[in-house]
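Working notes, structure below.
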Amino acid sequence: MPAGSAAVIAGILGWMPTGIDVSIWHSLWTLQKHRDLASVETSARRWEIFRLSLTDMRVGYILSFVVATVFLLLAGIYLHGTSDKIDGAEFARSLAKIYTDNIGYWMYFVFMVAAFTAMYSTAYAVIDGFSRAFAETASTIFPKIRARWRMKLYWIFVLFTAAFAFLILVALKGRNPVAFVLDVALLSLCIAPLYYGLNYYCVTRLIKDERFRPGTSARLVAIAGIVVVFLATLICVASKFKILK
């Protein structure tokens with residue numbers, strides 16, 4: 000494995016199309032949506048929601064694959080073999096330059112608006128997802144506070160998560176944030192096999208209605224995915240710490 004590539008590969012595996020921990024956030028968002036809509040939990044309604052969730056997941060993964068392919072092609076066509084080095088805060092401007100040089104300067108503003116929207120939505124989703132997960136964990140461990148304190152805990156964790164993220168930005172000022180992001184992605188990849196295993200256990204054992212359980216082919220694909228992610232984690236960690244030469 001080329002030197003320095005382990006962190007990049009770990010980032011791709013750990014966060015493409017997103018972190019595996021988002022599976023928990025998605026469940027919490029769905030539950031909250033049901034509470035807000037006060038939906039009637041009939042069998043037909045549950046099946047409809049299940050189908051919509053599957054469609055949402057599949058569309059999201061397909062779009063993520065397309066975006067990843069586009070970025071790979073951009074790097075291969077316009078960056079590979081050049082002396083240009085995209086690093087730190089210059090990443091967005093350097094990437095926008097690829098569009099402006101080939102499409103026109105007007106594309107620079109479109110790209111920057113799209114980049115800001117993507118980063119803002121990501122930050123919002125992460126803060127909301129982490130806060131909901133923390134609040135739900137606390138209310139599950141301490142059932143007596145579930146009804147009264149769930150939303151209060153949520154807002155407490157929102158403020159804490161936002162403040163913690165701000166402190167990270169302050170600490171990274173003047174430094175290369177890419178290295179930090181790649182290290183966090185490697186940590187996410189290390190935790191991923193555990194999440195995969197727990198998710199597999201939940202959908203195959205804890206779902207009472209067998210209609211909502213994955214079929215045999217889906218289970219085989221899931222088991223193969225768990226094995227691949229586990230092996231990839233071992234390889235990336237070994238390469239990162241120079242265990243593999």
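In terms of numbering that gives the first Met the number 0, the sequence shown is residues 0 to 244.
Virtual Cβ for every residue (Gly too), placed ideally from N, Cα, C.
Because the structure is a prediction, the values reported are computed rather than measured.
Original post:
Ends of the alpha helix (DSSP H) at Thr139?
Top reply: Trp105 to Ile140
Subject >> Candidates Glu135, Ala161 and Phe108, of which the one nearest Lys151 by Cα >> reply: Glu135
Subject >> Pairwise C-alpha distance: Asn198 and Thr215 >> reply: 16 Å
Original post:
By a C-beta neighbour count over all protein chains shown, 10 Å radius and 16 as the cutoff for buried, is Lys239 buried or exposed?
Top reply: buried
Original post:
With a Cβ-Cβ cutoff of 8 Å, do Ala124 and Met111 count as a contact?
Top reply: no
Subject >> Selection from Val227, Ile234, Leu233 and Phe211 that minimises the alpha carbon distance to Arg50 >> reply: Phe211
Subject >> Nearest candidate by alpha-carbon position, reference Phe229, set Val202, Pro192, Lys207 and Ala217 >> reply: Pro192
**OP:** Grab the span of the alpha helix (DSSP H) containing Arg218 for me, first residue to last.
**Re:** Segment Thr215 to Lys239, the alpha helix (DSSP H) holding Arg218.
Original post:
Can the beta-carbon of Trp46 be found closer than 8 Å to that of Gly128?
Top reply: No, the pair does not count as a contact, with Cβ atoms beyond the cut-off.
Original post:
Would a C-beta distance cut-off of 8 Å place Ile126 and Val169 closer than the cut-off?
Top reply: In this structure, Ile126 sits away from Val169, with a CB-CB distance that is not shorter than 8 Å.
Original post:
With 16 as the cutoff for other CB atoms within 10 Å, does Arg131 come out buried or exposed?
Top reply: For Arg131, the number of other beta carbons within 10 angstroms of its own is at least 16, and it is reported as buried.
Original post:
DSSP three-state call for Thr331: helix, strand or coil?
Top reply: Within the shown structure, residues of the chain are numbered from 0 to 244, placing residue 331 beyond reach of any answer.
**OP:** Mark Cys201 as exposed unless 16 or more other C-beta atoms lie within 10 angstroms of its C-beta, in which case mark it buried.
**Re:** exposed
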